[in-house]
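Take a look at the structure below.
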Amino acid sequence: MDRETFEEIRQFALDKEIEAEELYSRMAAEAELPHVQELFEELAAEERKHQRMLENIKTEKVADADLAPVQDLRLSDYLVEQEFRPDMSYQDVLILAMKREERSMELYRNLANQAAGELRRIFEFLAREETKHKERLQREYDEFILSEN
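Position 131 of the sequence shown, counting from 1, maps to 1010 under the numbering used here, and the rest follow consecutively.
Following this line, the structure appears as structure tokens:
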């Protein structure tokens, strides 16, 4: 993978983190229940940390040898079709957030498989972080949606 391709991938991942942070901040602002507001504020803060991590990966520090050739990362597979709407139910918001985290997790796992060394560790770390977010959202879903039904 050349540096230009790497930079495109890094920018794509950064854009996804920015979108997630904006979504979670908006969800927090519109949440009526304090624990829901807190959950989304914490997730937004985590996404800001991921943004900083991705911003700090300098293209010129990434050796071509650290990256395996890439045929097709299928980045479109990681896009969430449904967008947040203020009138969404809490259940739909949680599903949307879980799907976003799952797609991010898959993206970082695939990027880790294409990288080596420090870059691989960064993508593996980000994949684990997204997995934790998804699990947290699943617990929220179990506790507040499934327990009501």
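In this text, a Cβ means the ideal position worked out from N, Cα and C, and glycines have one as well.
Simplified DSSP assignment, three categories, for Ala924 = Under the three-state reduction of DSSP output, Ala924 falls in the helix class.
ask   = Would Ser968 be called buried (16 or more neighbouring beta carbons within 10 Å of its own) or exposed?
value = It is exposed - the Cβ of Ser968 has fewer than 16 other Cβ atoms within 10 Å.
request  = For Val915, collect the residues of the same chain with a Cβ closer than 6 angstroms to its Cβ; drop the 5 residues on either side in sequence, then sort them by chain order.
outcome  = Counting only Cβ-Cβ distances below 6 angstroms, and skipping sequence neighbours, we find nothing.
request  = Hey, could you find the ends of the alpha helix (DSSP H) Leu986 is sitting in?
outcome  = Counting along the chain, the alpha helix (DSSP H) containing Leu986 begins and ends at 969-993.
query = Do Leu973 and Tyr903 have their C-beta atoms closer together than 8 angstroms?
reply = For the 8 angstroms CB-CB criterion, Leu973 and Tyr903 do not form a contact.
message = For the pair the segment 930-937 and the segment 906-915, tell me if three or more CB-CB distances fall below 8 angstroms.
response = No, because fewer than three Cβ pairs between the segment 930-937 and the segment 906-915 fall closer than 8 angstroms, the two stretches do not touch.
request  = Provide the residue span of the alpha helix (DSSP H) that contains Leu998, from first to last.
outcome  = First-last of the alpha helix (DSSP H) with Leu998: 996-1020.
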